[in-house]
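Going line by line, the protein sequences match chains W and R. Be aware that the first sequence starts at 1, since it is given in the numbering used here, and climbs by one per residue. Be aware that the second sequence starts at 109, since it is given in the numbering used here, and climbs by one per residue. Note that CB positions come from ideal geometry on N, CA and C, so glycine has one too. Down below is the structure, laid out as structure tokens.
2 protein chains.
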Amino acid sequence: MREPHHPSCGEFELPAVLHALSDPARLQIVRRLADGDECTCGTFDLGLSKATLSHHFRVLRESGVVRTRPDGRKRMLSLRDDDLNERFPGLLEAVLSAKRPPGVEALL
Amino acid sequence: MREPHHPSCGEFELPAVLHALSDPARLQIVRRLADGDECTCGTFDLGLSKATLSHHFRVLRESGVVRTRPDGRKRMLSLRDDDLNERFPGLLEAVLSAKRPPGVEALL
DNA sequence: GCACCGCTTCGGCAATCATCGAACTGTCGA
DNA sequence: TCGACAGTTCGATGATTGCCGAAGCGGTGC
């Protein structure tokens, strides 16, 4: 299986990364990956079709947020947290730590 | 002049904020504001029409990134950095500190 | 080889977005 | 009162996006 194209760390563009992270479904994917969860494409059950999921994976991959590694007939997804931190220090952490909903417990 | 609606800090939504920041024109606006530059709407010369600029201001305002204060026949724009930092700590700083283009000097 | 599996790619569709010119609103100064 | 000024709002338009089912494609295992 061909390795899909990934931008190098220096090719990352902030608007593209922010746009990739600005979709709730993609945000959920990123959070799952950050939790160290399993990372094949099929493990994401967001109520979306395979085609749509694949689309989101592509947006994340082409912006540099995520890496896709072919492994047999599966594809292993992983966060490019190292590259993101190098290029946009603190961004990923800020996005991930904003998990808490606007509820009261955010004040604790 | 009527004060336009601003979401409260608790109403901020991460995807909306990220989307607001994911447009190059809006990112430029935010950076100018962060530089402490003058802040009436008319001072932004991004090669866009008044109507388009006004649209971008609205996106920024409705997501919580920016505050608009009527002042005579002008409108003073300001970054809601305090509110953003409270709700999404580190996010704004990460976005702003990513100013440097993908050039070599980014490594310094 | 062949069927299955995991995922991508390909149209296509409806919704949203960025953009504009034109018309409008509210404010200030003459 | 009457412009000039600063912005907003109103259509309209073309581009992008999110979504899907169907078809395609490389790997695995029978």
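As a quick exercise: from the options, pick the residue whose alpha carbon is nearest that of residue i.
| i | options | result |
| --- | --- | --- |
| Gly-47/W | Ala-25/W, Arg-31/W, Thr-68/W | Ala-25/W |
| Gly-144/R | Asp-189/R, Ala-202/R, Gly-198/R | Asp-189/R |
| Gly-180/R | Ser-162/R, Cys-149/R, Ala-202/R, Ala-159/R | Cys-149/R |
| Arg-195/R | His-6/W, Pro-89/W, Val-95/W, Ser-78/W | Val-95/W |
| Gly-118/R | Lys-182/R, Leu-135/R, Leu-192/R, Leu-200/R | Leu-192/R |
| Arg-75/W | Pro-7/W, Leu-91/W, Arg-58/W, Gly-90/W | Arg-58/W |
| Glu-93/W | His-6/W, Asp-23/W, Leu-27/W | Leu-27/W |
| Leu-114/R | Arg-177/R, Pro-197/R, Gly-198/R | This sequence places His at residue 114/R; Leu is not what is there. It is Arg-177/R whose Cα lies nearest to the Cα of His-114/R. |
| Asp-23/W | Thr-52/W, Pro-4/W, Gly-90/W | Thr-52/W |
| Pro-4/W | Leu-91/W, Gly-90/W, Ser-54/W, Pro-89/W | Ser-54/W |
Check whether the Cβ of residue i lies closer than 8 Å to any Cβ atom in chain W.
| i | result |
| --- | --- |
| Phe-196/R | yes |
| His-127/R | yes |
| Ala-142/R | no |
| Leu-122/R | yes |
Can you round the beta-carbon distance between residue i and residue j to whole angstroms, since I take them to be within the 8 Å contact cut?
| i | j | result |
| --- | --- | --- |
| Leu-14/W | Ala-206/R | 5 Å |
| Val-138/R | Leu-126/R | With 8 Å as the limit, Val-138/R and Leu-126/R do not qualify as a contact, their Cβ atoms being about 12 Å apart. |
| Ser-78/W | Arg-67/W | 5 Å |
Run the CB neighbour count on residue i, radius 10 Å, all protein chains shown included, and call it buried at 16 or more, exposed below.
| i | result |
| --- | --- |
| Gly-172/R | buried |
| Glu-105/W | Note that Glu-105/W scores 49 on pLDDT, short of 50, meaning its location in the model is unreliable and no value can be drawn from it. |
| His-164/R | buried |
| Arg-110/R | exposed |
| Leu-107/W | In this prediction, Leu-107/W has a pLDDT of 46, which is less than 50 and means its spatial position is unreliable; what the coordinates show is noted afterwards. Exposed. |
Looking at chain R, is there any beta carbon in it that lies within less than 8 Å of the beta carbon of residue i?
| i | result |
| --- | --- |
| Asp-23/W | yes |
| Leu-108/W | Bear in mind that a pLDDT of 44 at Leu-108/W, under 50, signals an unreliable position, so the number given afterwards is only what the model happens to contain. So no, Leu-108/W is outside the interface. |
| Glu-62/W | no |
| Leu-96/W | no |
| Leu-91/W | yes |
| Leu-27/W | yes |
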